[in-house]
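*Asks:* Sharing a structure with you now.
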Amino acid sequence: MAYVPLADQDKEMEFHHPHSWVTKYVWSQDHKVIAIQYGGTAIAVGLVALVLSMLMRMQLGFPGSFDLIDPAAYYQAVTMHGMIMVVYLLTALFLGGFGNYLIPLMCGARDMVFPFLNMLSFWVYLLSVLILMASFFVGGGPTGAGWTLYPPQTSMAGTPGHDMGIVLMLLSLVAFVVAFTMGGLNYVTTVLQYRCRGLTMMRLPLTVWGIFVATVVGLFAFPALLVAGIMMTFDTLLGTSFFMPAVIEAGTPLDYDGGSPLLFQHLFWFFGHPEVYIVALPAFGLVSDVLSTHARKNIFGYRMMVWAIIAIGGLSFIVWAHHMFVSGMNPYFGFFFATTTLIIAVPTALKVYNWVLTLWEGDIRMNAPMYFAIGFIFTFIHGGLTGLFLGNVVIDMPLSDTYFVVAHFHMVMGVSPVLVLFAAIYHWYPLITGRMFHEGLAKAHFWFTFLGAYLVFLPMHYLGFLGVPRRYYALGTTDFIPASAQDLNQSITLAAIIVGASQILFFINIFWSLRNGKKADSNPWGSASLEWQTPDRPPVHGNWGDELPTVYRWAYDYSVPGAHQDFIPMNTPESEEPTAGEDHFDPDSDTSKADL
Amino acid sequence: MSFFKTITAKPWERKGIIGGLRPEGTFDATPERVALIVFLAVATIVFSLFSVSYRIRMELPDWTPLAEPTLLWFNTGLLILSSVLFQWARNISKSESLKNIKTAFIGGGVLALLFIAGQMITWSGLQASGFYVASNPANSFFYLMTGLHAVHLLGGLWVWSKSSIRLLSGGKIEDVRQSIELCTLYWHFLLIVWLVVFAILSNT
């Protein structure tokens, strides 16, 4: 079929052009509106998870002081907190939110390839969230099986929510996978086929690379969750024995026979480990662009960054069983999975070096997004290094059921991506809203979050070394845990409450600035990449006005020697390159400060 | 595009427009075709994971093999014929004369519907003989995998029905050509999936 440039495909654009308020903001097929719908829903449900974590911390810090939190409520909070944060917040916000907003803009497209499918993706995602939230209101409450939902205990009478809660959780996950698949097909096809003229794959900003590879990883990993979810739903509702072994519940043998709980663990982690990278890879991409823009330097080792993203995406499929060292396995398997796990450290470390080297001798602008991006480098190195401990079978065995693991994954998968999310939200806020946020408030938000996160999770490593078990409702008294561990738990709880409460700064800033923020320049950070070159601020439906952009260079032409401005947008032809002597830059704008 | 060539390009060295109207690295196919192929990869993984689970579950001691109903061979024949008709419709849609296109395309879909009906008869036959979904893990897998295959087929039939209506109401061939092409691809894929699933389920 002959290629028709997007700009000429008027008919198709007309087809879903919004005509009323409802089609513009509710049943919208515009990728930017869908992105905000995705992001808003994800953040809202994330706040529920945040409140749940506060309940957990209150119980752990001051056991027995709150009648509201009985053991069942505690386990329900643990489970829902984990699942919501990992799947419904992080995955949805990075891919559904930032993926939707940035892919078409960064690729120079008018919209996603399949706008209707994109809209459907959001509504099915919303449905999955509603099903999950409904489980708070059914008899028995939400499931308390832990976010990994290991059988057989998920369906046993002792587990809270073993009747309706778990069914709603599984249905919600199946709906989420369907929504993700619809979105994912869109992202992959848009990146492959809808890039504008001149935009080769290797000219793409790392954000698109990160989201692209994460989507591919997600498309191949989420099926495992779907398969496990369907089979467990059968076990729960229809009485099959895929995963449920012969088991006795309160003296009565149940109708199950011969199922394999280990099979579930393999399927779950075949999804669960890549899931870490589904969250991490977009974060790597976004943070690379924030660092490069605010350091006024091209990203160090662009090609290696791309290779590392691809390598990490590939390796993420052959490490899953390192979550199962304590489940029992052939020692040679343990050796294999430990090796592959440690190999992942190579491309990951490479990325960290490149971020640091991007900062090296850069003309760093310490704007709020940059605070969060640099904060991410700290927390990610920190969480990554404890991963090297846990990747070894012999070290993992004693540490696996302790707070060391909690500390590790919260540093690497909780705090780090969240810092990137904040960096990205602040960085692209002027693009999305056309207003600047309040810089001081954003920086205060950073210090509360960054220092607070350390106060929460650093002591947890120590608790882990002491042998304090995770998942426990209350420690009780033991010989090996000193009383001081409880003091530490109290201080962690206080810090956690402060961090949680300080997030109000973020929301005040975001909402206050919508109306009262300073009007943003069209390119306030002086960014070279394509999304800042749209004619309108914020970009309108169709993104590019009459004509699609043409790309002449990669996304990182910062501080080019001889150029008058310290950045050259991707759509600047060579002949129009601003060179020294030509005076067409704005001296009042501090972001176009020309030091070279 | 060559993957290796793509990722070894040095974007900081080359300025200017690379490639023609279409940027380097795009596939010479419509977005729908690309998306369908990606989806086929996803569906392959779903069925592979079920197959692997089946293999693992089979090793466990409580496994009782299920004797596959002979009707399945008949159903397999229907699905093969359905695929053949779709291929025929695709070939016609590419040629000059459009003779028989309605017969081929609509016939292909009807055969697929018959296949699903046949599967339903198989299921109810099994139920009547006391092989319920929870009776034995072999039964559970049988219902699960054949059911999932049927669901995928129904998804294809939804697209097929839209194009059939367009074709019957005198729509232009240009409007349905791509749909015919993609349906054919999808049908061949589901035929292969079915043959593999059938082989795995029979091999107990």
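Line order of the protein sequences matches chains A and U. For what it's worth, this note's numbering labels the leading residue of the first sequence as 28, then goes sequentially. For what it's worth, this note's numbering labels the leading residue of the second sequence as -17, then goes sequentially. All C-beta atoms in this analysis are idealised placements derived from N, C-alpha and C, irrespective of residue type, glycine included.
1. Would you list, in chain order, the members of the stretch 155 to 166 of chain U that have their beta-carbon closer than 7 Å to a beta-carbon of chain A?
2. Could you tell me whether any Cβ in chain U is nearer than 7 Å to the Cβ of E603/A?
3. Would you mind reading off the limits of the alpha helix (DSSP H) that contains F14/A?
4. Name the chain U residues whose beta carbon is nearer than 8 Å to that of D284/A?
5. Across the stretch 54 to 63 of chain A and the stretch 130 to 149 of chain A, are there enough close Cβ pairs to call them in contact, namely three or more that are closer than 8 Å?
6. In whole angstroms, what is the alpha-carbon distance linking F327/A and R230/A?
7. Would T26/U count as contacting chain A if we go by Cβ distances under 7 Å?
8. Does F507/A come out as helix, strand or coil in the three-state DSSP assignment?
9. Would G88/A and T520/A qualify as a contact pair, given that the criterion is a beta-carbon distance under 7 Å?
10. Start and end of the alpha helix (DSSP H) containing G256/A?
11. Between L159/A, F311/A, V303/A and F269/A, which has its C-alpha nearest V75/A's C-alpha?
12. Can you check whether the C-beta of F295/A is within less than 7 Å of a C-beta belonging to chain U?
13. In three-state terms, what does DSSP make of R39/U?
14. I'd like to know whether the C-beta atoms of F407/A and S354/A end up nearer to each other than 7 Å.
15. Confirm, please, whether the CB-CB distance from A522/A to M19/A is below 7 Å.
16. Answer yes or no: do P13/U and T227/A have a C-beta to C-beta separation smaller than 7 Å?
17. If I follow the unbroken alpha helix (DSSP H) through L415/A, where does it start and stop?
18. Is it true that the stretch 312 to 321 of chain A meets the stretch 248 to 265 of chain A, where meeting means three or more beta-carbon pairs spaced less than 8 Å apart?
19. So that I know if they touch, is there some Cβ in chain U lying closer than 7 Å to that of W236/A?
20. With a CB to CB cut of under 7 Å and the five nearest residues on each side skipped, what residues in its chain are close to L384/A?
21. Can you pull the chain A neighbours of L31/U, defined as C-beta to C-beta under 8 Å?
22. Kindly indicate which residue of P47/U, E78/U and L96/U has the alpha-carbon position closest to the one of Y61/U.
23. Indicate whether at least one CB of chain A lies closer than 7 Å to the CB of V115/U.
24. Are the CB atoms of N550/A and A469/A nearer to each other than 7 Å?
25. To the nearest angstrom, report how far apart L31/U and A307/A are at their CA atoms.
26. Please state whether the Cβ-Cβ distance between L167/U and L135/U is less than 7 Å.
27. Going along chain U in order, which residues have a C-beta closer than 8 Å to the C-beta of H329/A?
28. So what does DSSP say about Q220/A, is it helix, strand or coil?
29. For E163/U, does the count of other Cβ atoms within 10 angstroms reach 16, so buried, or fall short, so exposed?
30. For T104/U, would you say it is in contact with chain A, using Cβ-to-Cβ distances shorter than 7 Å as the test?
31. Distance, Cα to Cα, P81/A vs D563/A?
32. Use the C-beta contact count for Y30/A: other C-beta atoms within 10 angstroms, 16 or more gives buried, fewer gives exposed.
33. Per DSSP, what kind of secondary structure is S616/A in: helix, strand or coil?
34. At 3 residues or longer, and completely inside the stretch 62 to 150 of chain A: list those beta strand (DSSP E) runs for me, N to C.
35. Give me, in chain order, the residues of the same chain whose beta-carbon lies closer than 8 Å to that of G225/A; leave out the 5 immediate sequence neighbours on both sides.
36. Is the distance from the Cβ of A512/A to the Cβ of P90/A below 7 Å?
*Replies:* On the basis of the coordinates in this document:
1. none
2. no
3. For chain A, the structure presents residues 28 to 623; residue 14/A sits outside this window and is missing.
4. D44
5. yes
6. 14 Å
7. no
8. coil
9. yes
10. L233 to L265
11. L159/A
12. no
13. helix
14. no
15. Examination of residue 19/A is not possible in this model, given that chain A is present from 28 through 623 alone.
16. no
17. A395 to G418
18. no
19. no
20. F327
21. P250, A251, V254, L294 and F297
22. Sequence inspection shows Leu at residue 61/U; the Tyr mentioned does not correspond to that position. Of the candidates P47/U, E78/U and L96/U, the one whose C-alpha sits nearest the C-alpha of L61/U is L96/U.
23. yes
24. no
25. 24 Å
26. no
27. In the sequence as presented, His is not what sits at residue 329/A; that position holds Tyr. In chain order: P(-7) and W(-6).
28. helix
29. buried
30. no
31. What sits at residue 81/A in the sequence shown is Met, not Pro. About 42 Å.
32. Below a pLDDT of 50, predicted positions are generally treated as unreliable, and Y30/A, at 45, falls in that range; the measurement from the model is reported next regardless. Y30/A comes out exposed.
33. Residue placement at S616/A is flagged as unreliable, the pLDDT there being 46, under the threshold of 50; the coordinate-derived value follows with that caveat. DSSP places S616/A in coil when its eight states are reduced to three.
34. none
35. T577, V578 and Y579
36. no
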